[in-house]
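Enquirer: Numbering of the sequence shown is given in numbering that gives the first Met the number 0, commencing with residue 0 and proceeding in unit increments. The C-beta atom is built at its ideal place from N, Cα and C for all residues, glycine as well. Predicted model only: the values in this text are computed from it and were never measured.
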Amino acid sequence: MTNGRRHGREPVPFQQFILKVHSRCNLSCSYCYVYEMADQAWRSQPRRMAPAITARTAERIAEHVKQHNLSAVDVILHGGEPLLTGPEWLTELAGSLYTAIPARVNISVQTNGTLLRPAMLRALKDLCIRVGVSLDGDAEATGRHRRYRNGRNSFDDVSDGLRLLDSAEFRSVYGGILCTVDVHNDPVATYQALLDFNPPTLDLLLPHANWSCPPPGTGYADWLITIFERWYSAPEQETQVRLFAELIQLVLGGPGAVEGLGLRPATLIVVETDGSIKQLDSLSSAYPGAGDTGLHVLTSSFDAALDHPTTIARQIGVAALSPECQRCPVMQICGGGLYPHRYRSGAGFRHPSVYCDDLMRLITHVAGRIRADMDRLGASMSAPLDSVSTARSPQ
Ligand code: SF4
Numbered sequence: 000m001t002n003g004r005r006h007g008r009e010p011v012p013f014q015q016f017i018l019k020v021h022s023r024c025n026l027s028c029s030y031c032y033v034y035e036m037a038d039q040a041w042r043s044q045p046r047r048m049a050p051a052i053t054a055r056t057a058e059r060i061a062e063h064v065k066q067h068n069l070s071a072v073d074v075i076l077h078g079g080e081p082l083l084t085g086p087e088w089l090t091e092l093a094g095s096l097y098t099a100i101p102a103r104v105n106i107s108v109q110t111n112g113t114l115l116r117p118a119m120l121r122a123l124k125d126l127c128i129r130v131g132v133s134l135d136g137d138a139e140a141t142g143r144h145r146r147y148r149n150g151r152n153s154f155d156d157v158s159d160g161l162r163l164l165d166s167a168e169f170r171s172v173y174g175g176i177l178c179t180v181d182v183h184n185d186p187v188a189t190y191q192a193l194l195d196f197n198p199p200t201l202d203l204l205l206p207h208a209n210w211s212c213p214p215p216g217t218g219y220a221d222w223l224i225t226i227f228e229r230w231y232s233a234p235e236q237e238t239q240v241r242l243f244a245e246l247i248q249l250v251l252g253g254p255g256a257v258e259g260l261g262l263r264p265a266t267l268i269v270v271e272t273d274g275s276i277k278q279l280d281s282l283s284s285a286y287p288g289a290g291d292t293g294l295h296v297l298t299s300s301f302d303a304a305l306d307h308p309t310t311i312a313r314q315i316g317v318a319a320l321s322p323e324c325q326r327c328p329v330m331q332i333c334g335g336g337l338y339p340h341r342y343r344s345g346a347g348f349r350h351p352s353v354y355c356d357d358l359m360r361l362i363t364h365v366a367g368r369i370r371a372d373m374d375r376l377g378a379s380m381s382a383p384l385d386s387v388s389t390a391r392s393p394q
C-alpha cells in the first residue's frame, strides 16, 4: 500500500530499516565504508543509540506501518559493530520494536562475528534476532582486511562464533555469511572456506567503489563466474548464494528482491546512531554527506524521506539510469548496479556502474547457462532472457 501519488510518482513505503545502533567497531577493516572511506561523520556520532532515539525510532516505524498498512517490516541492526551494545541493551530495543510496531517485525543483526559468545547468542535467540556474519573466506583471506586495530587477524574469533552459531542450540537464528569479494583470494578456496561454516545463505558483495574511487582489483566477473559454476554444477545445492539466486530470478523475468540488481524500487532507509535519517548507508563511500537527508526521527516522519531526491532516484527505476544503461540489453537484470557504484565526482550518479563490464559479463554468463538448461528441457524463455542473447557492452 502507498500513500498516493506525490510529485507525479507513486512513492513506495520503506520496508527495511537499518538502525546503526553502535557507531564504533572493535575491528579496523581496510575497506570499511564507515571508517576508511570519504565520509568520516562517524567521529561525531554518539557511541550507542540513546534510549530516547530508540523509542522514537520504534514509534516512527509504527507510524509508517500504519500510514501504509504494512503487514511486515525488516529491522536490521548495524554499526560499527552492533553487538557492542550488549545483550541488555538489545533486549530493551527489541522490546520497544515488538511492542510499538503493529506488524510482523523481522529483526536481524549484521555483525563482524567476534562477539558471538554463548551469553550473547542466548540473548539473540530469545529475542528472535537472526544473525548475519561478515567474513571474507579462510584465515589468510580474512587477515588481508579484517583485523583488530593492533593488527591481529579476527579469523579465529569469528570462526569460534560461527561454530557456535551453527550448533544445534543456535542454528535457528543463523542468517548467513556476507563476503566482500577480494579478487586476490582464490574464488573456490574462498567459497569452500565459507561453506565449511554451513551458512544457510551466502552473500557475495562487490567492494564499494565508484568512478572517482575505482575498485581495488580487476576481474570481478571471472572471480564470480568461477564460484557460480561450482555452485550451479553441484549435484545438490550446497547453500543459497543470494547474488546468483537473484540473477537467475531476474533472467527468468522475476521482479528481483535486492537493491543493486533489477529495477525494483528501493525500500531501505537508515537511522544513524544520533537519530538522523539517512539514505543507503554505503553512499558514505561516494563523498561526505552523500547519504544525508537533513531529517531526524525526533522531528520528521519516514514519509518525509520518501520525497527526498535520492529516495526518488532509487525508486523510479529506468528514469534514474544513465543513457548508456537505458540502451543496455541487460538493463532489466542489471538495473545499473548499486546506486553508490554509479558516482563520478562532480558529475553525480547518472552513470553506469563502475562494475559495468563485470556485471555485463556475469549476467551474460548466468543467462547463457539458464538458456542452455531451458533449451535442454524444452522450456520457453522470458523476455529479459531473450534480450541477453544479443548483449554486448553498451560503452
Ligand atoms: S551492464 Fe552496464 S550499461 Fe548495462 S545496465 Fe548494467 S551498468 Fe548499465
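Taking the alpha carbon of residue 171 as the reference point, which residue from 154, 181, 201 and 129 has its own alpha carbon closest?
Expert: Out of 154, 181, 201 and 129, 129 has the C-alpha closest to the C-alpha of residue 171.
Enquirer: Note down, one range per segment and in chain order, each alpha helix (DSSP H) of at least 4 residues found wholly within the region 230-272.
Expert: Listed in chain order, they are 241-250.
Enquirer: Examine chain C for any beta-carbon lying closer than 8 Å to the beta-carbon of residue 275, and answer yes or no.
Expert: Looking at the structure shown, chain C is missing, and only one protein chain is on hand.
Enquirer: For residue 83, which residues in the same chain have their Cβ closer than 6 Å to its Cβ, ignoring the five residues on either side in sequence?
Expert: 21, listed in sequence order.
Enquirer: Where residue 180 and residue 108 are concerned, what is the direct C-alpha to C-alpha distance, given to the nearest angstrom?
Expert: Distance between the alpha carbons of residue 180 and residue 108: 21 Å.
Enquirer: Taking the C-alpha atoms as reference points, what is the distance between residue 0 and residue 61?
Expert: Only weak support is given to the placement of residue 0: the predicted model assigns it a pLDDT of 41, under 50, and the value that follows is read from those uncertain coordinates. For residue 0 and residue 61, the distance between alpha carbons rounds to 15 Å.
Enquirer: Decide yes or no for the touch test of the region 198-207 against the region 235-254: beta carbon pairs closer than 8 Å, at least 3 of them.
Expert: Yes, the region 198-207 is in contact with the region 235-254.
Enquirer: Go through its chain and collect everything with a Cβ distance to residue 143's Cβ below 8 Å, but skip five positions before and after it.
Expert: Within the same chain, residue 143 has close Cβ partners 29, 135, 181, 183 and 184.
Enquirer: In or out: residue 217 buried (at least 16 other Cβ within 10 Å) or exposed?
Expert: Answer is exposed; the Cβ neighbour count stays below 16.
Enquirer: Looking at the secondary structure, which residues open and close the alpha helix (DSSP H) in which residue 158 lies?
Expert: Segment 154-164, the alpha helix (DSSP H) holding residue 158.
Enquirer: Less than 8 Å between the CB atoms is what I'm expecting for residue 13 and residue 77, so what's the real figure, rounded?
Expert: Not quite, the Cβ-Cβ distance comes to about 15 Å (not below 8 Å), so this is no contact.
Enquirer: Have a look at 335, 302, 279 and 331 and flag the residue whose alpha-carbon is nearest the alpha-carbon of residue 309.
Expert: The shortest Cα separation from residue 309 among 335, 302, 279 and 331 belongs to 279.
Enquirer: Taking the C-alpha atoms as reference points, what is the distance between residue 269 and residue 165?
Expert: If you take the alpha carbons of residue 269 and residue 165, they lie about 29 Å apart.
Enquirer: Any heavy atom of the ligand ADP within a distance shorter than 7 Å of the CB on residue 213?
Expert: Annotation note on the ligand ADP: not contained in the displayed structure, which lists the ligand SF4 as its ligands.
Enquirer: Tell me the start and end of each unbroken alpha helix (DSSP H) in the region 62-146 that is at least 4 residues and wholly inside, in chain order.
Expert: Qualifying alpha helix (DSSP H) stretches, in chain order: 86-99, 117-125 and 138-144.
Enquirer: Beta carbon of residue 323: closer than 7 Å to some heavy atom of the ligand SF4?
Expert: Yes - the ligand SF4 has a heavy atom lying nearer than 7 Å to the Cβ of residue 323.
Enquirer: Residue 414 to residue 52, Cα distance in whole Å?
Expert: Only positions 0 to 394 of the chain appear in this structure, which leaves residue 414 out of reach.
Enquirer: Which value, in whole angstroms, describes the spacing of the CA atoms of residue 146 and residue 153?
Expert: Going from the Cα of residue 146 to the Cα of residue 153 covers about 5 Å.
Enquirer: Under 6 Å Cβ to Cβ from residue 391, same chain only, skipping five residues before and after it: list those, please.
Expert: Because the pLDDT at residue 391 is just 44, under 50, the model does not fix this residue reliably, and the point stays unresolved.
Enquirer: My guess is that residue 192 and residue 137 are in contact by the Cβ rule of under 8 Å, so how many angstroms apart are they, rounded?
Expert: Their Cβ separation, rounded to whole angstroms, is 4 Å, which keeps residue 192 and residue 137 in contact under 8 Å.
Enquirer: Looking only at C-alpha atoms, which of 118, 353, 186 and 316 sits nearest to residue 263?
Expert: Among 118, 353, 186 and 316, the Cα nearest to that of residue 263 belongs to 316.
Enquirer: Opposite residue 201 in the DSSP bridges: which residues?
Expert: DSSP lists 176 and 240 as partners of residue 201.
Enquirer: Helix, strand or coil for residue 295? Go by DSSP, reduced to three states.
Expert: Here residue 295 sits in strand by DSSP.
Enquirer: Ignore the nearest five residues each way along the sequence and tell me which others in residue 259's own chain have a CB closer than 7 Å to its CB.
Expert: Once the five neighbours on either side are set aside, the close Cβ partners of residue 259 are 336 and 337.
Enquirer: Is the separation between the beta-carbon of residue 329 and that of residue 340 shorter than 8 Å?
Expert: No; because the gap between Cβ atoms is not below 8 Å, this pair is not in contact.
Enquirer: When burial is assigned at 16 or more other CB atoms within 10 Å of the CB, is residue 208 buried or exposed?
Expert: Buried is the call here.
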